[in-house]
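*Asks:* Protein chains in written order, with the working numbering: chain G, 722 to 1075; chain P, 41 to 580; chain U, 58 to 126; chain V, 410 to 799.
The beta-carbon is built from N, C-alpha and C at its ideal position, and this holds for glycine as well.
(1) Going by the DSSP bridge assignment, what does residue 634(V) pair with across the sheet?
(2) Taking the alpha carbon of residue 492(V) as the point to measure from, which residue in 521(V), 552(V), 452(V) and 747(V) has its own alpha carbon closest?
(3) Return the chain-ordered list of same chain residues with a C-beta closer than 7 Å to the C-beta of residue 499(P), the five sequence neighbours on each side being excluded.
(4) Nearest to residue 109(P) by CA position, among 536(P), 135(P) and 127(P), is which residue?
(5) Which stretch, first to last residue, makes up the alpha helix (DSSP H) that contains residue 120(P)?
(6) Take residue 457(V) as the anchor and find which of 784(V), 769(V), 660(V) and 495(V) has the nearest alpha-carbon.
(7) Do residue 260(P) and residue 231(P) have their CB atoms nearer than 8 Å?
(8) Please confirm whether residue 897(G) has its beta-carbon closer than 8 Å to some beta-carbon of chain P.
(9) For chain V, is any of its Cβ atoms less than 8 Å away from the one on residue 514(P)?
(10) Leaving out five residues before and five after residue 851(G) in sequence, what residues of the same chain have Cβ atoms less than 7 Å from its Cβ?
(11) I want to verify the contact list: residues of chain V whose CB lies under 8 Å from the CB of residue 495(P), in sequence order.
(12) Which of the residues in the segment 1020-1038 of chain G, read from start to end, lie with their CB under 9 Å from any CB of chain P?
(13) Is residue 369(P) close to chain G? Criterion is C-beta to C-beta, closer than 8 Å.
(14) Ignore the nearest five residues each way along the sequence and tell me which others in residue 479(V)'s own chain have a CB closer than 8 Å to its CB.
(15) Taking three-plus beta-carbon pairs below 8 Å as touching, is the segment 1003-1011 of chain G in contact with the segment 73-90 of chain U?
(16) Please report whether the beta-carbon of residue 700(V) lies at a distance below 8 Å from any beta-carbon of chain P.
(17) Where does residue 656(V) sit, in a helix, a strand or coil, going by DSSP?
(18) Under 6 Å Cβ to Cβ from residue 186(P), same chain only, skipping five residues before and after it: list those, please.
(19) Pull up the CB-CB distance for residue 676(V) and residue 653(V), whole angstroms please, since I reckon it's below 8 Å.
(20) Of all the CB atoms in chain G, is at least one closer than 8 Å to the CB of residue 58(U)?
(21) When you compare the CB of residue 1009(G) with every CB in chain U, is at least one pair closer than 8 Å?
(22) Here's the rule I'm using: 16 or more other beta-carbon atoms within 10 Å means buried, otherwise exposed. How should residue 93(U) be labelled?
(23) Do you know offhand how far residue 208(P)'s Cα is from residue 470(V)'s?
(24) Quick one: is residue 407(P) near chain V, going by C-beta distance under 8 Å?
(25) Report the neighbours of residue 386(P) on chain V: residues whose CB is nearer than 9 Å to its CB, in chain order.
(26) Please work out which residues of its chain come closer than 6 Å, Cβ to Cβ, to residue 324(P), disregarding the five sequence neighbours upstream and downstream, and give them in chain order.
(27) So the alpha helix (DSSP H) residue 110(P) belongs to, where does it begin and stop?
(28) Residues of chain V with a CB under 7 Å from the CB of residue 398(P): which are they?
(29) Can you find a CB in chain G that lies within less than 8 Å of the CB of residue 544(V)?
(30) Among residues of its own chain, excluding the 5 on either side of residue 919(G), which ones have a beta-carbon nearer than 6 Å to its beta-carbon?
(31) Would you report the Cα separation of residue 599(V) and residue 605(V), rounded to the nearest angstrom?
(32) Suppose you measure from the CA of residue 861(G) to the CA of residue 603(V); what does that come to, to the nearest Å?
(33) On a CA-only basis, which of 506(V), 778(V) and 438(V) is nearest residue 650(V)? Give me that one, please.
(34) Using a beta-carbon distance cut-off of less than 7 Å, what residues from the segment 581-614 of chain V approach chain G?
(35) Give the secondary structure of residue 395(P) by DSSP, where H, G and I count as helix, E and B as strand, and everything else as coil.
(36) I want to verify the contact list: residues of chain V whose CB lies under 7 Å from the CB of residue 878(G), in sequence order.
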């Protein structure tokens, strides 16, 4: 059973991956280390995608485990997706509030945003992903522009000394970065059936998108460190501060609006995608005829839920550093890995050459 | 109450749509009236049907040996060319002699007349009076002979028509200057002259129960996406309309999104533009009586492409096209960004600029939003006034409005000068993309309202909603926003690539023969052959 | 409060009514599930009850299990 | 499909409802309801618990286009003053007592009276960092005397003294970025713990009816307390030691003649070493390109000797100034150069043990300055007048 029958071309799939990673990179007050090792996650997801080209995650789970167990895990995934959406939504609210609308209540910002997103989700995956290329392009241009604009303030000394943190901090940093921007790619497994690609193309596009996103994260982090130096940890949004510092004569100052544009655009993309995935997951678990009727009510749930998640952004940041990486590991790394192993052992999918 | 009203409206619309779909082939055909043997009887019924209209001319004459046969010419005065009438019908028929003296039988007479007597190329035999009438009404002449149950229709169309002139709506510096006229045949001929290809199909149809307007569908078979043609035909067939006076009538009945600010059917007044679109695989709808030819499917980028883009060299053409995009962006978002910056996010303005604006705003009585609204409103009034009035007066209106009123309002301290500047730029920028003028002025106001509520956040949300809307639109099955968001058809979207790089026709629009040229051939230098590029240098 | 109720009523009008009309059982159940959850949380929120944060609760659980940085 | 249309309509109404009921333009503040703050000054107050806060506001000139109205407006600025314990209270009080809201977004400078700076300023800048309205790029300045005087100053060059100071500093920052101390730089140095922040100091002097504001050196902080100041000469030595200097003059005078050089480019490489005895040795290798700005005298020297001689005196002068300011720093025991951070970057492990006793280590630093100068350009004339031709 397929709920959304739209097909998305490979290039767009690639840019979707990029866009997804990029959007996380903006808010990364807590990201510090980045390693190429994260690509093994991409390998994992790719393997699952190639193994079950016509199934989405819930169907894979039901196929690999028995329908009952699979459904139970599926429900936990539904919770995971909804929570992710709500988390990002509250991020969107608090950060737009921080950058643009200081006195406007969160509710207004979030509800307005949610309505627009619900409209987008209504048109399905094709509409959502079709803007990925545009967004990636804009984000890259802004990124390059911002690097050029702060070129006069970059101090390469700020990178020194390297590797001077306790080992546990490294592990934590690597863990955070693999769970938060990269591990969230597990959501892509929900749209596998919409991407009709050959094995090679899947690899090509997934890794292409992954690399692009990875480069973005790298550039953002290095730029912020180079400009802000040791003050980096004290800011909630380092990127915003970096852009605020741009000062090339009186006309070319105050360009943080660029950040706002990028923030709203990329987060919008990410949340819409997550929102869509949540709705699809619920629809898939409940085996509904269409997912369209669930959009608004799921939106209402997510909105309400996002207000209960964290009492303040401070809690959010602390939790993102300490708790979420461990919690998400289950959904993003352990579960797919387990599924993969069991599927291999049970020689699934049956009757098909893999 | 208000709500109810809308619901009822919408319900009615749906009801109507259902009705239309149920009554697919229900066009009521008049019962054909046969041509009678008695000429007088025929003439009488003709007169009754047409109600003794004064422009109906019935010209009786006699011919044959000893002028023994009575005939009559029926035509509408003014629609026929008198010279053709005389030279092609009257003179040859009256001077016609039977080859052998045997008088043809009554029924044969007509076909003999057609084959031997008439000096006209376009002749047709009809059996019913209704055909006679409809032909007469479209400018043909009917020849009825006493004692025959059929008549002859001779093409004598020839009314006063406008010459092919330079179109007013799309002027070019470089490029052909001819424009379509109100005459259907002239228009199809203009297109045919651009594309003399055997695959160019012209399909005729008559639309409008009262006006009986001739409409032509033109496309390049083998290149066109037949699904689009089918869709156009299907929609046209299901139109239930009594009159078609302009192509806009058809546009409204066949467009994809009737409530969207964006039009999903393209139009042009220039044969070269329409020909280019047909060559890309689009379908043209030529309507009698208007110089505007519809093309479908239409994409959003088409509004930003002008004929001249392709006649100029690609570099400059690309730059002007990008300029047009920026202009459209300004015309939609200009005032709202101004509102957001001055009323919400003063921190984003450079300090000196802020001082300038603050000084200008000091002492003006209205909030920025109202101020901008007033100016936009005034501008729309002036524009409307300028367009409808005769040209010399129109210019006077804009001078008075723009220069004197604007200046006076600023110096009286009613509005700040920055608002006037913003609105002026917005207005002028709108003229760069005339095809999207309507959507521009609607969206501009929407964005201003959003900006006045939520500042930059509102604008962003509006922008994203706009993207969603544009992304969801289709025009006859082709995504409307193709070329922007989709990673395809990019060779002719934001920039125009050189013509020799556009080897493919746009996807989805063209089907079948999608290659323009088979090779990617950059211009060659004189005396240079492909072999000389040989990097090995093997030719010794 | 009023606004929340209006909002939820509108959602019912928009989505639930056609679902009931079409007799789509699964869809109705899924809808109601999400709807009731959402309604409960938002009514609690609006009426000032402090809804416990799941993330923080889970964090405490994890911490008590000794899994934290 | 009735429901679909119905739904569209309802969504539309939903958003409309939200628009009308929910959004009340919280963030909307029209320009004529705002006071654009261009400078804030904090001063010591007679009440030890409180401080004097002065806010300078650029007054919008209402446009009066009548041609007869040519007499210049006297007040381009508004000064608001009050006395309060914390910055926040002070701002609240301003907002309560004035007809418009203060907008700190465009605040150019944050001035500290020297007496307040000596007491410590850490607590006062917290608001400026935390508040979203103010920016990390606001310039920090210490005023010789009281800060409010600088804000109240009537200048001949600019109407608004806050803008004037920020422009002067920005101009100076083309010489060396170390003239421009933004809040970010200040905080960054505070966070480095061992580095002493240095902040430009300005002096207000009377000049007829008008006043004049001049940069008269740098205030040296130890932690967040100002301890002393560098004179203009010492400041030059300081910025040369920090490197990356452009367009700055080196004035030399010997008994033979006077020469003024212009620095086209000056780089300073810093090499930190741990000595055998555990102390720190710093080697500064200055590499500079100079152009001869002005020469007078030297009538005894031949043209061939002139150039090497000029190079020599320039090098000596640069070295002397650097050493000079270093001696001052050592005397004050304030690591204005950030040598501590350099050590940390190079020897992160050893640093841990040094960090706590940095004050002693710093006073024991061995500074070795090597200057290398090139003079490729001599200006439009090759030789000064009156030089002997060989």
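*Replies:* On the basis of the coordinates in this document:
(1) To locate residue 634(V), count along the fourth chain from 1; it is residue 225. According to DSSP, which records beta bridges pairwise, residue 634(V) is partnered with 631(V).
(2) Taking the fourth chain and counting its residues from 1, the one referred to as residue 492(V) is at position 83. Comparing Cα-Cα distances from residue 492(V) to each of 521(V), 552(V), 452(V) and 747(V), the minimum goes to 452(V).
(3) To locate residue 499(P), count along the second chain from 1; it is residue 459. Result list for residue 499(P): 373, 376, 377, 380, 487, 490 and 491, in chain order.
(4) Against the second chain, residue 109(P) aligns to sequence position 69. Nearest C-alpha to residue 109(P): 135(P).
(5) Residue 120(P) sits at position 80 when you count from the first residue of the second chain. Element bounds for residue 120(P): n/a, residue is neither H nor E.
(6) Along the fourth chain, read from residue 1 onward, the residue named residue 457(V) stands at position 48. Of the candidates 784(V), 769(V), 660(V) and 495(V), the one whose C-alpha sits nearest the C-alpha of residue 457(V) is 495(V).
(7) As a first step, residue 260(P) is located in the second chain; it is residue number 220 there, counting from the start. As a first step, residue 231(P) is located in the second chain; it is residue number 191 there, counting from the start. It is not a contact, given that the beta carbons lie outside the stated cut-off.
(8) To locate residue 897(G), count along the first chain from 1; it is residue 176. Answer no: the Cβ-Cβ gap between residue 897(G) and chain P never drops below 8 Å.
(9) On the second chain, position 474 is the one that residue 514(P) refers to. Output row for residue 514(P): interface = no.
(10) On the first chain, position 130 is the one that residue 851(G) refers to. Contacts found: 733.
(11) Reading the second chain from its first residue, position 455 is the one you call residue 495(P). Chain V residues near residue 495(P): 436 and 437.
(12) none
(13) Taking the first residue of the second chain as 1, we reach residue 369(P) at position 329. No, residue 369(P) lies away from the interface with chain G (no Cβ there is under 8 Å from its Cβ).
(14) Here residue 479(V) refers to the residue found at position 70 of the fourth chain. Low per-residue confidence applies at residue 479(V): pLDDT is 48, beneath 50, and the placement is therefore not dependable enough to give any value.
(15) yes
(16) The sequence position of residue 700(V) within the fourth chain is 291, counting from 1. No, residue 700(V) lies away from the interface with chain P (no Cβ there is under 8 Å from its Cβ).
(17) As a working mapping, residue 656(V) is identified with position 247 in the fourth chain. Reduced to three states, the DSSP call for residue 656(V) is coil.
(18) As a first step, residue 186(P) is located in the second chain; it is residue number 146 there, counting from the start. Same-chain partners within the cutoff: 79 and 110.
(19) The residue labelled residue 676(V) in the question sits at position 267 within the fourth chain. The residue labelled residue 653(V) in the question sits at position 244 within the fourth chain. Sure, about 7 Å apart at Cβ, within 8 Å.
(20) Residue 58(U) sits at position 1 when you count from the first residue of the third chain. No, residue 58(U) does not count as interfacial toward chain G.
(21) Here the question's residue 1009(G) lines up with position 288 in the first chain. Closer than 8 Å: yes.
(22) Within the third chain, the letter at position 36 stands for residue 93(U). Residue 93(U) is exposed by the Cβ-count criterion.
(23) Position 168 of the second chain holds residue 208(P). Position 61 of the fourth chain holds residue 470(V). Spanning the two alpha carbons is a distance of roughly 48 Å.
(24) Counted from its first residue, the second chain places residue 407(P) at position 367. With 8 Å as the cut-off, residue 407(P) counts as an interface residue toward chain V.
(25) Within the second chain, numbered from 1, the residue matching residue 386(P) stands at position 346. Contact of residue 386(P) with chain V by beta-carbon distance below 9 Å involves 438, 440, 443, 445, 512, 514 and 515.
(26) Taking the first residue of the second chain as position 1, residue 324(P) is located at position 284. Excluding five sequence positions before and after residue 324(P), the CB atoms of its chain that fall closer than 6 Å to its own CB belong to 258, 314, 318, 333 and 335, given in chain order.
(27) On the second chain, residue 110(P) is found 70 positions in, with the first residue counted as 1. Segment 109-116 is the beta strand (DSSP E) holding residue 110(P); no alpha helix (DSSP H) there.
(28) As a position in the second chain, residue 398(P) is number 358, starting the count at 1. Ordered by position in chain V, the residues that pass the 7 Å Cβ test against residue 398(P) are 440, 445 and 469.
(29) One-based indexing of the fourth chain puts residue 544(V) at position 135. Yes - at least one Cβ of chain G is within 8 Å of the one on residue 544(V).
(30) Counting from 1 along the first chain, the entry for residue 919(G) is found at position 198. Same-chain partners within the cutoff: there are none.
(31) As a working mapping, residue 599(V) is identified with position 190 in the fourth chain. As a working mapping, residue 605(V) is identified with position 196 in the fourth chain. For residue 599(V) and residue 605(V), the distance between alpha carbons rounds to 7 Å.
(32) Reading the first chain from its first residue, position 140 is the one you call residue 861(G). Reading the fourth chain from its first residue, position 194 is the one you call residue 603(V). So the two alpha carbons sit approximately 39 Å from each other.
(33) Translated into positions along the fourth chain, residue 650(V) becomes position 241. Closest by alpha carbon: 778(V).
(34) 593, 596, 597, 600 and 601
(35) Along the second chain, one-based indexing puts residue 395(P) at 355. Look at residue 395(P) here: in three-state DSSP terms it is helix.
(36) In the first chain, counting from the first residue as 1, residue 878(G) sits at position 157. Simply 754.
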